[in-house]
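Chemist:
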Amino acid sequence: MGMSPHGVLDQTQSMWLTCLTRLDMQHHICLITLGGRLGLAPPCQPGVKVDKVLDVGTGTGIWAIQFGDDHPEAEVLGVGLSATQPDVVAANVQFEIDDIDEEWTYTIPFDDIHSRFTSSSIADWKVYLTKCFNHIQPGGFLELQEPEMEFQSDDGTFPASCPLAKYGNLLKEAAAIFGLEYVSVSSSKTLMLEVGFKDVTLSRYKWPINTWPKDPSFKELGDWGFENSNAGLEVIFIALLTRAHKWTREEVDVFLADVRKDLANRTTTPTFRCILLLDGSQKEMESRGLH
12 MGMSPHGVLD
22 QTQSMWLTCL
32 TRLDMQHHIC
42 LITLGGRLGL
52 APPCQPGVKV
62 DKVLDVGTGT
72 GIWAIQFGDD
82 HPEAEVLGVG
92 LSATQPDVVA
102 ANVQFEIDDI
112 DEEWTYTIPF
122 DDIHSRFTSS
132 SIADWKVYLT
142 KCFNHIQPGG
152 FLELQEPEME
162 FQSDDGTFPA
172 SCPLAKYGNL
182 LKEAAAIFGL
192 EYVSVSSSKT
202 LMLEVGFKDV
212 TLSRYKWPIN
222 TWPKDPSFKE
232 LGDWGFENSN
242 AGLEVIFIAL
252 LTRAHKWTRE
262 EVDVFLADVR
272 KDLANRTTTP
282 TFRCILLLDG
292 SQKEMESRGL
302 H
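Counting from 12, one number per residue, gives the positions in the sequence shown under my numbering.
1. In angstroms with no decimal places, state the Cα-to-Cα distance between Phe208 and Phe144.
2. Closest to Ser195 by CA distance: which of Asp122, Thr129, Lys230 is it?
3. Going along the chain, which residues of its own chain have a beta-carbon closer than 8 Å to the beta-carbon of Val263, five neighbours each way excluded?
4. Is Tyr178 helix, strand or coil when you go by DSSP?
5. Would you kindly check if the distance between the Cβ of Asp122 and the Cβ of Gln156 is under 8 Å?
6. Grab the span of the beta strand (DSSP E) containing Ile147 for me, first residue to last.
7. Can the beta-carbon of Lys50 be found less than 8 Å from the beta-carbon of Phe106?
8. Compute the distance between the beta-carbons of Ala268 and Glu154, then report whether it is under 8 Å.
9. Beta carbon of Ala101: closer than 7 Å to some heavy atom of the ligand ZN?
10. Under 8 Å, do Leu92 and Leu213 count as touching if we go by C-beta distance?
11. I'd like to know whether the C-beta atoms of Leu274 and Leu175 end up nearer to each other than 8 Å.
12. Once the 5 residues before and after Asn239 are set aside, which same chain residues still bring their CB inside 7 Å of it?
13. Under the assumption that Thr280 contacts Trp223 (Cβ atoms under 8 Å), give the Cβ distance between them as a whole number of angstroms.
14. Anyone know if the C-beta pair for Ile119 and Lys63 falls short of 8 Å?
15. So, Tyr178 versus Val246, is the Cβ gap smaller than 8 Å?
16. Whole beta strand (DSSP E) runs in the segment 171-253 with 3 or more residues, listed along the chain?
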């Protein structure tokens, strides 16, 4: 499907827009998960004064923009591989195109570094976390928000052999083939401690992936989770399965059709785990006047 005289988006452009829409959708899911908060780190709390903030893998810039609105005194820098952010933003928010796997050249350390859903974008997590550690003020904070790339069920109704259950494993295997990795929760916490972070805490949240929950708040979360998962199937899987796993396009289409059936099945109760790892030394932050 090419570009028509009327400017109809071709397939590549359409999928790119879908990807950007999913990033904003994921931001909204995180807000629902955290009760409207941008994160668990103290600098994310209302009324806290903070100087310099780095948003790694900023995507559409929605997190950085909202943080800048909530903290007008802060200088917020969003970094990503593509210029997909708005042209007009608040004066205290800036965006740069950069590859976080390359050498970091920031000369002034940050009070807070926010890193969300970068797992499959990092070549070496220990190197990445060391860079974060070396560019944070003493007493500053690093918050990682990462999903566990597998679906689970608390009541055992979700079969481990179904296509949706294979979803995460195929992603992790493909990332490894491309020289990337989905970092596990236990290893990421261990790595943070190894590079020098202190007081690393871990918080787990469940994301339903359709509207099976009876609780209204979880049902809303499941509704968003379904849309996010369903919208990302082609964007994520076509390239990974055809290039990394050498599947044919027909094989991919059949697999994705089965995954969509699993996503919509309300007789099982699959959930997706979102993990937040938070590091910080609040006493030092308070001594620097952050309150």
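Positions of the beta carbon are idealized from the N, C-alpha and C atoms, including for glycine.
Only a predicted model underlies this, so the values are computations on that prediction, with no experimental measurement involved.
Modeler: Reading from the atomic positions:
1. 7 Å
2. Between Ser195 and the set Asp122, Thr129, Lys230, the nearest pair of CA atoms involves Thr129.
3. Phe248, Ile249, Leu252, Thr253
4. Helix at Tyr178.
5. No, these two residues do not count as a Cβ contact at 8 Å.
6. Taken as a continuous stretch (DSSP letters only), the beta strand (DSSP E) holding Ile147 covers 147-163.
7. Reading off the sequence, residue 50 comes out as Gly, not Lys. In this structure, Phe106 does not lie closer than 8 Å to Gly50 by Cβ.
8. no
9. Ligands displayed in this structure: none; no statement on the ligand ZN is therefore possible.
10. no
11. Taking 8 Å as the Cβ cut-off, Leu274 and Leu175 qualify as a contacting pair.
12. Arg33, Met36, Gln37, Ile40
13. 5 Å
14. yes
15. no
16. 212-219
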